[in-house]
Amino acid sequence: MIRKAMGIDLGTSTIKIYIKGEGIVLDERNIIAVANKKNVIAVGNDAFDMYEKAPDNISVTYPVKNGVIADIANMQSLLNHLLRRVGKGSRLSGMSFVIAVPYDLVANSNAKAKSIYVVEKSVADALGAGLDVTNARGVMTVNIGADTTEISIISLGGIVLSKLIPVGGNKLDESIRQYVKKKYNLIIGDKTAEVIKKELANAVPDDENTMRAFGRNVVRGLPSQMDISSTMVYESIKEYLYSIIDSIRIILERTPPEISSDIIDSGIYITGGSANIKNLAALIHKETDLTVNICKDASNSVVLGLGRILEEAELSSLARDIKQSGSSIRMRD
9 MIRKAMGIDL GTSTIKIYIK GEGIVLDERN IIAVANKKNV IAVGNDAFDM
59 YEKAPDNISV TYPVKNGVIA DIANMQSLLN HLLRRVGKGS RLSGMSFVIA
109 VPYDLVANSN AKAKSIYVVE KSVADALGAG LDVTNARGVM TVNIGADTTE
159 ISIISLGGIV LSKLIPVGGN KLDESIRQYV KKKYNLIIGD KTAEVIKKEL
209 ANAVPDDENT MRAFGRNVVR GLPSQMDISS TMVYESIKEY LYSIIDSIRI
259 ILERTPPEIS SDIIDSGIYI TGGSANIKNL AALIHKETDL TVNICKDASN
309 SVVLGLGRIL EEAELSSLAR DIKQSGSSIR MRD
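Read in order, the letters of the sequence shown are residues 9 to 341 in the numbering used here.
As structure tokens, this is what we get:
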């Protein structure tokens, strides 16, 4: 059993750290601000405050795109800064790491890890949702992340089937941006689109709510404002929601019959940052005729699953020592 350990969930939009015996000690945006191409001036939430507001000499970017690290140097710098923040003094000395990301990112960091263990993200996701993945009873999870959605069938501590599609919360945000521009001649930023999604997104067109959005008028080039409706948001995102449902159907069609009976009993478990879109469970139930469970604290399911592996001795075997496995791990959103 690992006595001193840290779990890291490195996602496209957020990075979360769990320390054994302490819980989640960091939950921040996975974003970095670099001045003059070399000086790191902010990371995490501090860098996010600068996003879409910085002058030309300051680059504010997400190092992870589409579920993979697009900028290794910036990702390394960002991780080092955050590890220093949570590991003051000798806190990281002799620390072991359990991660759902490429192991070399931690191996090459300043943490000087004692040992590095990896766990399949879908397995950690299911554990964080409170599911038992160690027995022969199959479970189905759908993690709607920032850039990707991962649909998995899990049994006996491993993945039976899995499908990763390039649809996530960022795709919904971009669709909202484009729809607002086309319909209202209003250019809004990524942050505004995300707020609109959180406030108005609905998987079914059953009500009518509005909120005021601010941006720049395409025709006049001047600051402008417009009332955005939930109906408009539904029209802009429904195609992507049905893409997720189509992929769920594909996995269900390929699922072994014995596991299918387990899924009929327990249903589908939805996790990830966009799991709480209003009426999402109702839409998926309507299209699959299965029980749909929106997991509590859905956006933290992966890091909480890593925490369970750190805290519960009977689950420690789910994490593989990277030095012994010798396998290459591909990060997912």
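C-beta atoms are modelled at their ideal positions from N, C-alpha and C, and glycine is treated no differently.
Status (buried if at least 16 other CB within 10 Å, exposed otherwise) for residue i
i, result
"Val141", "buried"
"Ile272", "exposed"
"Val227", "exposed"
"Lys205", "buried"
"Asp215", "exposed"
"Gly315", "buried"
"Ser307", "buried"
"Ile25", "buried"
"Ile80", "exposed"
"Asn143", "exposed"
"Arg185", "buried"
"Leu7", "Only positions 9 to 341 of the chain appear in the structure, and residue 7 is not among them; the question remains open."
"Ile23", "buried"
"Ala55", "buried"
"Asn217", "exposed"
"Asp341", "In this predicted model, Asp341 has a pLDDT of only 40, less than 50, meaning its place in the structure is not dependable enough to derive any value."
Cβ-Cβ separation, residue j to residue i (assumed contact under 8 Å), whole Å
i, j, result
"Thr279", "Ser251", "Between Ser251 and Thr279 the Cβ distance is about 18 Å, and since that is not below 8 Å, they are no contact."
"Lys286", "Ala221", "Between Ala221 and Lys286 the Cβ distance is about 18 Å, and since that is not below 8 Å, they are no contact."
"Gly136", "Thr20", "So it is not a contact: roughly 17 Å between Cβ atoms."
"Thr296", "Leu249", "With 8 Å as the limit, Thr296 and Leu249 do not qualify as a contact, their Cβ atoms being about 13 Å apart."
"Glu60", "Gly197", "5 Å"
"Val106", "Ala327", "5 Å"
"Ile330", "Tyr125", "7 Å"
"Asn53", "Glu36", "5 Å"
"Asn82", "Ile40", "5 Å"
"Asp270", "Arg145", "5 Å"
"Val127", "Ile245", "At roughly 31 Å, the Cβ-Cβ gap does not stay under 8 Å, so Val127 and Ile245 are not in contact."
Closest residue to residue i among the options (Cα-Cα distance)
i, options, result
"Asp344", "Val227, Ser130, Ile330 and Ile204", "Only positions 9 to 341 of the chain appear in this structure, which leaves residue 344 out of reach."
"Gly275", "Lys205, Thr149 and Leu230", "Thr149"
"Lys73", "Ile162, Arg262 and Gly176", "Gly176"
"Ile162", "Val147, Ile195 and Lys179", "Val147"
"Pro174", "Ile330, Thr69, Val76 and Glu319", "Val76"
"Ile167", "Thr69, Asp133 and Gln233", "Asp133"
"Ser160", "Asn143, Met58 and Thr263", "Thr263"
"Gly102", "Leu323, Ala321 and Ser123", "Ser123"
"Leu86", "Ile253, Tyr70 and Pro63", "Tyr70"
"Ser282", "Ser268, Thr156 and Glu266", "Thr156"
Beta-bridge partners of residue i, as assigned by DSSP
i, result
"Glu207", "BP columns for Glu207 are empty, so no partner."
"Val226", "Per DSSP, none; premise fails for Val226."
"Lys24", "Asp17 and Asp35"
"Glu158", "Asn151 and Leu172"
"Thr279", "Asn151"
"Arg220", "Asp235"
"Phe105", "Met14 and Ile124"
"Asn301", "Tyr277"
"Gly166", "Ser163"
"Asn47", "Ala43"
"Val76", "Lys73"
Determine, using beta-carbon pairs with one atom in the region 180 to 198 and one in the region 233 to 245, whether at least three such pairs fall under 8 Å.
Yes, since at least three Cβ pairs between the region 180 to 198 and the region 233 to 245 fall closer than 8 Å, the two stretches touch.
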